[in-house]
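Written below as structure tokens is the structure these notes are about.
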Amino acid sequence: MQNKKIVPRSAVERRRETLDRLATDRDVWVATAHPDHGPHQIPLWFSWDTQAVWVCTSATSATVRNVRKDPRVRLSLPDTFDVVLLQGMAECFPASDVPKEAADAFAGKFGWDPRAEDGSFVYVRVVPKAVRAWRGEAELRGRIIMRDGAWLE
261 MQNKKIVPRS
271 AVERRRETLD
281 RLATDRDVWV
291 ATAHPDHGPH
301 QIPLWFSWDT
311 QAVWVCTSAT
321 SATVRNVRKD
331 PRVRLSLPDT
341 FDVVLLQGMA
351 ECFPASDVPK
361 EAADAFAGKF
371 GWDPRAEDGS
381 FVYVRVVPKA
391 VRAWRGEAEL
401 RGRIIMRDGA
411 WLE
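Okay, structure coming up:
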């Protein structure tokens, strides 16, 4: 592997490329924690509605149980070189109560509609309050591209 010099991106470039990845990537690591049982992390499919990340999982999953106890979550896109970390508050929606636009977008992206399954599923919506993005050590400075829910310029 060739080691190329990384030219740090501006906040605007990082934001644009992060939004592109949120619109096109398939998987996100979801990290939650239970006050008695500790941390839990799992990869899930996700969709992005320009304001929030939507994932869907079994209603009995540790992720759903944890979010109901403590809605603080961290999300990460699965690339250790092109890092994108999101932090926010999660909200659970039973499949019967999920906004139609969100469920339709999720089904359209993956060709799988949890609303049509026999099992009980919950959609989890995460509105990011903080986003960090960097590529390698050269971009550690300036990695915060969203703070308190507002994109930085």
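Residue numbers (our numbering): 261 to 413.
Beta carbons are placed, not taken as given, at the ideal position from N, Cα and C, and that holds for glycine.
Pairwise C-alpha distance: residue 377 and residue 400: Here residue 400 refers to the residue found at position 140 of the sequence shown. Here residue 377 refers to the residue found at position 117 of the sequence shown. In a straight line, the C-alpha of residue 400 is about 43 Å away from that of residue 377.
Buried versus exposed call for residue 261 [16 or more other C-beta atoms within 10 Å across all chains shown]: Looking up residue 261 in the sequence shown gives position 1. Here the model assigns residue 261 a pLDDT of 48, short of 50, so the residue's position is not dependable, and the following value carries that caveat. Exposed is the call here.
Counting only runs that start and end within the region 267-343, where is the alpha helix (DSSP H) found for 4 or more residues in a row? 271-284 and 322-329
Beta-carbon within less than 6 Å of residue 380's beta-carbon, same chain only, minus the 5 sequence neighbours each way: which residues are those? Mapped onto the sequence shown, residue 380 falls at position 120. Hits under 6 Å: 319.
Do residue 407 and residue 393 have their C-beta atoms within less than 7 Å of each other? The residue you call residue 407 lines up with position 147 of the sequence shown. The residue you call residue 393 lines up with position 133 of the sequence shown. For residue 407 and residue 393, no; Cβs fall outside 7 Å.
Does the contact criterion of 3 or more C-beta pairs under 8 Å hold for the region 303-320 versus the region 361-370? Yes, the region 303-320 touches the region 361-370.
Within 8 Å, do at least three Cβ pairs link the region 350-359 to the region 264-282? Not touching, per the Cβ criterion.
Residues of its chain near residue 343, where Cβ-Cβ distance is below 6 Å and the 5 sequence neighbours each way are ignored: On the sequence shown, residue 343 is found 83 positions in, with the first residue counted as 1. Excluding positions up to five away in sequence, the list reads 394.
Leaving aside the five residues before and after residue 294 along the sequence, list all residues of the same chain whose C-beta is less than 8 Å from its C-beta, in chain order. One-based indexing of the sequence shown puts residue 294 at position 34. 300, 322, 325, 326, 329 and 330, listed in sequence order.
Do you know offhand how far residue 297's Cα is from residue 348's? Here residue 297 is taken as the residue at index 37 of the sequence shown, counted from 1. Here residue 348 is taken as the residue at index 88 of the sequence shown, counted from 1. Distance between the alpha carbons of residue 297 and residue 348: 20 Å.
Anticipated Cβ contact below 8 Å, residue 336 with residue 386, distance rounded: In the sequence shown, counting from the first residue as 1, residue 336 sits at position 76. In the sequence shown, counting from the first residue as 1, residue 386 sits at position 126. Residue 336 to residue 386, Cβ: 12 Å. No contact.
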